[in-house]
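Trainee: Supplied in structure tokens, the structure appears directly below.
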Amino acid sequence: METRRLILRPYKQEDLEDYWEYISNPNVVEYEPYKPMSLSEAKESLQERIANTEFIAVEEKDSHRMIGNVYLGKREFNTLEIGYVFNEHYWKKGYAKEACSALIEKAFEDGIHRIYAECDPDNPNSWRLLEKLGFVREAHLKENVYFWTDENDRPIWKDTLIYSLLGEKNASKK
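Residue numbers (numbering that gives the first Met the number 0): 0 to 173.
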């Protein structure tokens, strides 16, 4: 799939250097359930993403660099979960919005009923993007998840915001 500035495609082996550039950046993965990856971890992760069609690589047309990814995970009840991670050098340039908009439009054309996203309330870049895309905040879950523990092995609890977007033909039922 192509947009004005982007190519949305499966991951490939040649993406390793571009993938590692952003997946090893602490600023990029700050709100992800994983730590910055070493090169060997990125190689292993890339193989998983190549095998998983739910991860969509985002390539900038002009440079042919892979600048991030969008995740569209299949869920029950004709629903998709969306997520995104982009190289910090490409933040605030509209790339994530452009990629997500195209994928959302295609998903609804293909008959998806609902798309939802979960994000950290401390990540305003993420939830503001969802709102720009037309998602509606449905919930703010308090201390519902943890990915890390402290020095005493106690959970470091996090809140979660839940957003959703219904397809056009379903919007009148809101």
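Positions of the beta carbon are idealized from the N, C-alpha and C atoms, including for glycine. Quantities reported herein were computed from a predicted structural model and do not represent experimental measurements.
#1: On a Cα-Cα basis, can you pick out the residue from Glu43, Trp90, Lys34 and Ile81 that is closest to Leu164?
#2: Let me know the secondary structure DSSP gives His112 once reduced to three states.
#3: Rank Pro154, Tyr94 and Val27 by C-alpha distance to the C-alpha of Ile6 and give the top, closest one.
#4: Hey, would you say Tyr162 sits closer than 8 Å to Leu140, going by beta carbons?
#5: Please state if the CB of Pro9 and the CB of Ile66 are separated by a distance shorter than 8 Å.
#6: Please report the straight-line C-alpha distance between Ile107 and Val28, rounded to a whole angstrom.
#7: Go to Ser163, then tell me how far its alpha helix (DSSP H) extends in each direction, as first and last residue.
Mentor: In short, the structure shows the following:
#1: Ile81
#2: coil
#3: Tyr94
#4: no
#5: no
#6: One point to set straight first is that residue 107 is Phe, not Ile, in the sequence displayed. Between Phe107 and Val28, the C-alpha separation is close to 29 Å.
#7: No alpha helix (DSSP H) holds Ser163; the beta strand (DSSP E) holding it covers Pro154 to Leu165.
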